[in-house]
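*Asks:*
Protein chains: 2
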Amino acid sequence: MRAALMYGAGDVRIETVDNPTITEPTDAIVRITAGCICGSDLWPYASRPASVEGSRMGHEFVGVITELGSAVTSLAVGDFVIAPFVASCGSCDFCSEGLQTSCRNGAHWGGSADGGQGEMARVPQADGTLVKVPAGFDVALLPSLLALSDVMATGYHAAAKARIVPGQWVTVIGDGAVGLCAVISAKLMGAGRIILMGRHESRTNLGREFGATDVVPERGEAGIKKMRELTNGDGTHVVLEAVGLAPALEMAIGAVRDGGTISRVGAPQFSTVPLGFGEFMRNITLTGGVAPARAYIDELLPLVLDGSINPGKVFDRTITLDEVPAGYAAMAAREALKVLVRP
Amino acid sequence: MRAALMYGAGDVRIETVDNPTITEPTDAIVRITAGCICGSDLWPYASRPASVEGSRMGHEFVGVITELGSAVTSLAVGDFVIAPFVASCGSCDFCSEGLQTSCRNGAHWGGSADGGQGEMARVPQADGTLVKVPAGFDVALLPSLLALSDVMATGYHAAAKARIVPGQWVTVIGDGAVGLCAVISAKLMGAGRIILMGRHESRTNLGREFGATDVVPERGEAGIKKMRELTNGDGTHVVLEAVGLAPALEMAIGAVRDGGTISRVGAPQFSTVPLGFGEFMRNITLTGGVAPARAYIDELLPLVLDGSINPGKVFDRTITLDEVPAGYAAMAAREALKVLVRP
């Protein structure tokens, strides 16, 4: 089969690799219907050192089961499934707690394992990992179903960890796919006001469509000043941080109200956070982390199927597998918000 | 009247100062029955630059109202009251949210204002600040009533912000007065196991009396290793950090289970916390902050009055006002856990 490999910063190639096979009785083989490129793929695309062997890429996909290991009980060949961005057993204590990203038997896509940017993938722990989509769904829902594998679940994780109370004011920092899905999530949870901080107009317009009531394009101190003007000088009870860079987290600290919560789902590109004495006196909480997407799909899937939410709108470009290298370049140049790959 | 002033590191003096007077109609004057020295007083005692004018000290006291401003409605002369360590109006939005430390009309003790280490104090915002103790209480409860002004409420804040669920395993870092009160609080909330990390045996013995099920005297990596051995290698869902030094927070990060919460109430003596990519992948939450003691006194006072909790046991020495300088020295040398002052 064919798949994308990254050989270093800016160097993504489509190559022929071995077809996946069942290696554990708990495995499934999925023929990928749609995958995508993630904002987090742009970090290695910007900075990974060159390597000889290359790494398989992609961690979000939906597709059809073509083969099952002997121990898989809840799935059948032909099922259309969503693969969350981490594989998990579904039965350990962490999975039971809804923290599938810390699963004791979990696995990650890509690297030397199959990735979502390819024609097929071996799925470990298929019973725990995959979520079956009821047959007969409208094919137009495909992008939104794909969004459940990562960005929608990640935005929802931000909101869930912040424990948004209906009526609360929420700031979302970042107008990327995850930030926009955080807007959807804040609205789902009844936020009274949603201030989206982002400067790409086409994206913030989509954010307004998703439920943002205000948009602040300024950044840094100017952004904090502007959002504080919108909030009686106080900031908001909840700030969802969907960028992962230090300036975004600093902006979150400036935007959060005393006693409030910053929930971060942007993978941190820094090692410390400035939560010292001043933030202690303000009783600021920092929560969030990598999203256990699997924990939320059962809850979000019906909302996609009945049209209540449409996170698939974050995909603004669809490409073939051969176009994946160009897709990385387009996302890195911010020409595309999020690229859907149809292998 | 006489009161304690700090003129710099290691330099505490008892001097005669002006008697307090009503300056706002919302004020009360309290004759202090008991005050104390706080662990947080030891930070300036260790490092404050020398000054000419000196600062009034102490932020925890109980006493009897001797005079009231014309606008005070809920209190009477002769009432025995608990003064939380921050004054608050009781009616602004932050007070309504239970975050009296961010009160829009609040005030702090000490500095150029009256402090708790003295004979009397002017209390701003008396209606919002003071909590009346029903007349006729057993005088033996005095230390526990005093503990509600800060350390017990602070330990409780740690546990409350961590939202301990009955049965959860909790680690408490620090065997000072606040750490020991955090043990009481974790037990009140139904913690299934309480691991106290501290190395002063007399204190950890009191911690066991308060409900600690395990004591880990080791610190740093050795402490983390030991507590992880006690918890199947995983750490605990909740860690209450009651020290405020960087190594204690690092130990908290090592002791918390994936998906867990560190709740800090030790005033941070550092400006950044090491919550980078690794902790993001583990979904670690950092919460806590300065305790809005006023928010908890209504709930904790009945438990003191009926003997359900006895936080006053953290006071292991009682001194007069003249002995306050020696009291600081004893606490700084760790010869006394917490010193009660009877002016």
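In order, the protein sequence lines correspond to chains R and G. The first sequence begins at 1 in UniProt numbering and counts up by one. The second sequence begins at 1 in UniProt numbering and counts up by one. Using N, Cα and C, we set each Cβ at its ideal position, and we do this for glycine too.
Identify the continuous alpha helix (DSSP H) that holds His157/R and give its terminal residues.
*Replies:* Segment Val151 to Ala162, the alpha helix (DSSP H) holding His157/R.
*Asks:* Using a Cβ distance threshold of 8 Å, determine whether the region 89-109 of chain R contacts the region 259-279 of chain R, with at least three qualifying pairs required.
*Replies:* The region 89-109 of chain R, when compared against the region 259-279 of chain R, does not touch it at the 8 Å Cβ threshold.
*Asks:* Could you list which residues in chain G have their beta carbon closer than 8 Å to that of Phe280/R, in chain order?
*Replies:* In chain order: Arg264, Ala267, Pro268, Gly288, Gly289 and Val290.
*Asks:* Helix, strand or coil: which one does DSSP assign to Met6/R?
*Replies:* Strand.
*Asks:* Report all residues from its chain with a CB closer than 7 Å to the CB of Val304/G; omit the five preceding and five following residues, and keep chain order.
*Replies:* Hits under 7 Å: Leu141, Ser144, Leu145 and Leu148.
*Asks:* Which two residues bound the contiguous alpha helix (DSSP H) that contains Ser88/G?
*Replies:* Unbroken run through Ser88/G: none, as it is neither H nor E.
*Asks:* With a 10 Å radius around its C-beta and 16 neighbouring C-beta atoms as the bar for buried, classify Glu221/G as buried or exposed.
*Replies:* It counts as exposed.
*Asks:* When the Cβ atoms of the region 63-82 of chain G are set against those of the region 124-131 of chain G, are three or more pairs found closer than 8 Å?
*Replies:* Yes: the two stretches touch, three or more of their Cβ pairs being nearer than 8 Å.
*Asks:* Cβ of Pro84/G less than 8 Å from any chain R Cβ?
*Replies:* Closer than 8 Å: no.
*Asks:* Ignore the nearest five residues each way along the sequence and tell me which others in Pro13/G's own chain have a CB closer than 6 Å to its CB.
*Replies:* According to the sequence shown, residue 13/G is Arg rather than Pro. These residues qualify, in order along the chain: Leu5.
*Asks:* Starting from Asp258/R, find everything on chain G with Cβ-Cβ shorter than 7 Å and list it in chain order.
*Replies:* Within chain G, the residues near Asp258/R are Phe94, Leu99 and Ser102.
*Asks:* Checking the sheet assignment: what are the DSSP bridge partners for His108/G?
*Replies:* Answer by DSSP bridge pairing, in chain order: Val86/G.
*Asks:* Could you spell out where the beta strand (DSSP E) holding Thr285/R opens and where it closes?
*Replies:* Run containing Thr285/R: Thr285 to Gly288, per the beta strand (DSSP E) assignment.
*Asks:* Three or more beta-carbon pairs under 8 Å between the region 311-326 of chain G and the region 325-339 of chain R, yes or no?
*Replies:* At 8 Å Cβ cutoff, the stretches do not touch.
*Asks:* Does any residue of chain G bring its CB to less than 8 Å from the CB of Ser271/R?
*Replies:* Chain G contact via Cβ: present.
*Asks:* Measure from the alpha carbon of Thr213/R to the alpha carbon of each residue in Val183/R, Glu241/R, Pro84/R and Leu240/R, then state which is nearest.
*Replies:* Closest option to Thr213/R, Cα to Cα, is Val183/R.
*Asks:* Note the first and the last residue of the continuous alpha helix (DSSP H) segment covering Arg294/R.
*Replies:* From DSSP, the alpha helix (DSSP H) with Arg294/R extends over Ala293 to Leu305.
*Asks:* Compute the distance between the beta-carbons of Val64/R and Lys132/R, then report whether it is under 8 Å.
*Replies:* Going by C-beta atoms, Val64/R is not nearer than 8 Å to Lys132/R.
*Asks:* Specify the secondary structure class of Phe80/R as computed by DSSP and reduced to three states.
*Replies:* Three-state result, Phe80/R: strand.
*Asks:* Check the DSSP bridge columns for Asp214/G and list the partner residues they point to.
*Replies:* Looking at the DSSP assignment, Asp214/G forms a beta bridge with Ile195/G.
*Asks:* Quick check: the Cα distance between Thr285/G and Ala121/G, rounded to an integer number of angstroms?
*Replies:* So the two alpha carbons sit approximately 39 Å from each other.
*Asks:* Please confirm if Leu42/R has its CB atom under 8 Å from at least one CB of chain G.
*Replies:* Closer than 8 Å: no.
*Asks:* Considering only the alpha carbon of each residue, which of Trp169/G, Val238/G, Asp306/G and Ala252/G lies closest to Arg219/G?
*Replies:* Taking only the C-alpha atoms, the option nearest Arg219/G is Ala252/G.
*Asks:* Return the CA-CA distance between Gly198/G and Ala177/G, expressed in angstroms with no decimal places.
*Replies:* Rounded to whole angstroms, Gly198/G to Ala177/G spans 12 Å at the Cα level.
*Asks:* Taking the straight line between their C-alpha atoms, what separation do you get for Met152/G and Val170/G?
*Replies:* Those two C-alpha atoms are separated by around 17 Å.
*Asks:* Report yes if the C-beta distance between Leu99/G and Ala28/G is below 8 Å; otherwise report no.
*Replies:* The answer is no: Cβ separation not under 8 Å.
*Asks:* Per the DSSP calculation, Thr318/R is bridged to which residue(s)?
*Replies:* Answer is Leu340/R, bridged to Thr318/R.
*Asks:* Distance check for Arg264/G and Asp11/G, CA to CA, integer angstroms please.
*Replies:* For Asp11/G and Arg264/G, the distance between alpha carbons rounds to 29 Å.
*Asks:* Given Met189/G, which residues of its chain have a CB within under 6 Å of its CB, disregarding the five upstream and five downstream residues?
*Replies:* For Met189/G, where only same-chain residues beyond five positions count, the Cβ hits under 6 Å are Ala159 and Ile164.
*Asks:* Does DSSP classify Phe61/G as helix, strand or coil?
*Replies:* Residue state, collapsed to three classes: strand.
*Asks:* With C-beta atoms as the reference, is Gly174/G less than 8 Å away from Ala248/G?
*Replies:* Closer than 8 Å, so yes.
*Asks:* Roughly how many angstroms separate the alpha carbons of Ile262/G and Val290/R, rounded to a whole number?
*Replies:* Approximately 17 Å, taken between the alpha carbons.
*Asks:* Take the Cβ of Lys225/G as the centre, count every other Cβ of all protein chains shown within 10 Å, and call the residue buried at 16 or more, exposed below.
*Replies:* It counts as exposed.
*Asks:* Near residue 376/G, what residues of its chain come up, given a Cβ to Cβ distance below 8 Å and the 5 sequence neighbours on each side ignored?
*Replies:* With chain G represented from 1 up to 343, any question about residue 376/G goes unanswered, as that position is not in the structure.
*Asks:* Could you tell me whether the Cβ atoms of Ala255/R and Val239/R are closer together than 8 Å?
*Replies:* Cβ atoms of Ala255/R and Val239/R: closer than 8 Å.
*Asks:* How would you call Thr26/G, buried or exposed, if buried means at least 16 neighbouring beta carbons within 10 angstroms?
*Replies:* Result: buried.
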